[in-house]
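A quick write-up on the structure given underneath.
See below:
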């Protein structure tokens, strides 16, 4: 059963709706004690990474989150939170995975936010992407991206440069796209996470 | 490479779709959720719901619609129509809308764009612009092209971008309903001038019009209503032709068996 870390950063109705469609049970985490009720966790998030981090700090759950041993998935800004730093608001983040979140450069050819369906190239044999072909399209909407890093990038996408569509370190996973809005492949990824 | 998006637009009144829809396999052609599901299965990349409800119950029906769509549909969607305040937008966000589209309210109160972008992020704010050619100028119109404003379209779109619009939905009223093709020339002018995505709207009549708007204007997305609702263009066929023309699109592929 998935515990969703509830810290007030953005709407989670679409995420919980997707889990319900897929028959994946979930609950909300408000306090440290709530973590015990679940065997895996999702950190959601939309909006401003610095503001989201401030809200997460306010919950008092940060030390517990950093010490989690069970599978944990950050989605969009929730993924950015597990990195060390974001240029958005010049913010220090959870630093669970030592990579940085940077802003896309403005250019005539590549608009920001990066909005729409882009191709994702996961590592072969990744259980999170089981059954999902190379180059499958996922839905992105973001102005900040996580740098590509050989050690931690689990899936890459190209948009003016190669960046991390997904990262991993031990039990911590992140996806920049929105699996709950990414059609059948997104639903497959959520199912894979529930089965890790 | 980022795919060009195909976006069916559904007009909704009192929670029901209006305008004829003649998909053969719909149980209830007036049910926006069923229609949305059908489009998502066909490979639509995104949906726009335009709520034209006029009653004071509008806000409640919009929220109910958004919740029903979010429960059932696994692609992103935008809702527009009569959104005037942060409170309206907040209710729709919490009901599961990915984006809201504002039109007249933004023209009357441009600061609303700034407020919405600050509150919810630019990715949530689509500014819809109805434009019409008038006396050698492109002018912003309100109320579906009936009421001219003082604003020149080019200037207004740049202002909307600078205030925090995350995307522009540009409808050429001179082309809308003609089925003679998008206004590729003006769309290119706008698309080249902004650094946010542009959705082309107005004039789609056949598949070649979509090829033209992507090849000539290089917009990010193309929106249409009747050609999709009446089955004149089927989205899988459209995507196949775009793909054969070398235009990057998302096709609804199958999961690989593990």
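Protein chains in written order, with our numbering: chain L, 1 to 196; chain W, 1001 to 1258.
The beta carbon of each residue, even a glycine, is placed where N, CA and C say it ideally should be.
Closest to residue i by CA distance: which of the options is it?
| i | options | result |
| --- | --- | --- |
| residue 163 of chain L | L/172, L/180, L/183, L/140 | L/140 |
| residue 1184 of chain W | W/1197, W/1201, W/1196 | W/1201 |
| residue 142 of chain L | W/1166, W/1237, W/1148, W/1101 | W/1166 |
| residue 121 of chain L | L/28, L/138, L/106 | L/138 |
| residue 1075 of chain W | L/2, L/194, L/117, L/10 | L/117 |
| residue 65 of chain L | L/136, L/145, L/22, L/31 | L/31 |
| residue 1034 of chain W | W/1007, W/1226, W/1138, W/1071 | W/1071 |
| residue 1065 of chain W | W/1171, W/1054, W/1017, W/1041 | W/1017 |
| residue 1153 of chain W | W/1175, W/1189, W/1119 | W/1189 |
| residue 1213 of chain W | W/1235, W/1191, W/1234, W/1182 | W/1182 |
| residue 47 of chain L | L/10, L/175, L/128 | L/10 |
| residue 1162 of chain W | W/1113, W/1224, W/1218 | W/1113 |
| residue 1073 of chain W | W/1231, W/1042, W/1235, W/1186 | W/1042 |
| residue 1138 of chain W | W/1175, W/1092, W/1115 | W/1175 |
| residue 1223 of chain W | W/1006, W/1118, W/1077 | W/1006 |
| residue 999 of chain W | L/115, L/97, L/100 | No answer is possible for residue 999 of chain W: it lies beyond the span of chain W, which begins at 1001 and ends at 1258. |
| residue 169 of chain L | L/68, L/131, L/57 | L/68 |
| residue 252 of chain L | L/132, L/94, L/171, L/159 | Outside the shown range of chain L, which is 1 to 196, sits residue 252 of chain L, and nothing can be said about it. |
Note the first and the last residue of the continuous beta strand (DSSP E) segment covering residue i.
| i | result |
| --- | --- |
| residue 114 of chain L | 114 to 122 |
| residue 1230 of chain W | Segment: none, residue 1230 of chain W is in no beta strand (DSSP E) and carries neither H nor E. |
| residue 28 of chain L | 26 to 29 |
| residue 1013 of chain W | 1005 to 1013 |
| residue 42 of chain L | 40 to 43 |
Report the three-state DSSP secondary structure of residue i (helix, strand or coil).
| i | result |
| --- | --- |
| residue 104 of chain L | coil |
| residue 1250 of chain W | coil |
| residue 12 of chain L | coil |
| residue 1258 of chain W | Low local confidence applies: a pLDDT of 42 at residue 1258 of chain W is under 50, so the model's placement there is unreliable, with the coordinate-based value given in what follows. In the structure shown, residue 1258 of chain W sits in coil (DSSP, three-state: anything other than H, G, I, E or B). |
| residue 1053 of chain W | coil |
| residue 1040 of chain W | helix |
| residue 1118 of chain W | helix |
| residue 94 of chain L | coil |
| residue 17 of chain L | helix |
| residue 1017 of chain W | strand |
| residue 1109 of chain W | coil |
| residue 1221 of chain W | strand |
| residue 46 of chain L | coil |
| residue 196 of chain L | coil |
| residue 73 of chain L | strand |
| residue 1002 of chain W | coil |
| residue 190 of chain L | helix |
| residue 1047 of chain W | strand |
Specify, as a first and last residue, the run of the alpha helix (DSSP H) that residue i falls within.
| i | result |
| --- | --- |
| residue 1099 of chain W | Looking at the DSSP string, residue 1099 of chain W is not in any alpha helix (DSSP H); the run it does join, the beta strand (DSSP E), is 1099 to 1102. |
| residue 5 of chain L | No alpha helix (DSSP H) holds residue 5 of chain L; the beta strand (DSSP E) holding it covers 2 to 5. |
| residue 81 of chain L | 77 to 81 |
| residue 1073 of chain W | Neither: residue 1073 of chain W is in no alpha helix (DSSP H) and is coded neither H nor E. |
| residue 1241 of chain W | 1235 to 1244 |
| residue 1086 of chain W | 1086 to 1094 |
| residue 62 of chain L | 62 to 66 |
**Request:** Taking only runs that begin and end inside the segment 1129 to 1209 of chain W, name each unbroken beta strand (DSSP E) of 3 or more residues, in chain order.
**Result:** 1137 to 1142, 1147 to 1152, 1167 to 1172, 1198 to 1201
**Request:** Jot down the residue ranges of each uninterrupted beta strand (DSSP E) in the segment 129 to 184 of chain L, minimum 3 residues, whole runs only, in chain order.
**Result:** 136 to 142, 144 to 147, 153 to 158, 162 to 169, 172 to 175
**Prompt:** Just checking, does the segment 103 to 112 of chain L make contact with the segment 70 to 82 of chain L on the three C-beta pairs under 8 Å criterion?
**Reply:** no
**Request:** State whether the segment 1153 to 1167 of chain W contacts the segment 1120 to 1137 of chain W, with contact taken as three or more CB pairs (one from each stretch) at a distance under 8 Å.
**Result:** yes
**Message:** Measuring CB atoms only, is the segment 96 to 108 of chain L touching the segment 35 to 45 of chain L, in the sense that at least three cross pairs come out at less than 8 Å?
**Reply:** no
**Message:** With a threshold of 8 Å, are at least 3 pairs of Cβ atoms found where one atom belongs to the segment 10 to 27 of chain L and the other to the segment 174 to 189 of chain L?
**Reply:** yes
**Message:** Using a Cβ distance threshold of 8 Å, determine whether the segment 1076 to 1091 of chain W contacts the segment 1100 to 1117 of chain W, with at least three qualifying pairs required.
**Reply:** yes
**Message:** So, does the segment 1145 to 1161 of chain W touch the segment 59 to 79 of chain L, judging by three or more C-beta pairs under 8 Å?
**Reply:** no
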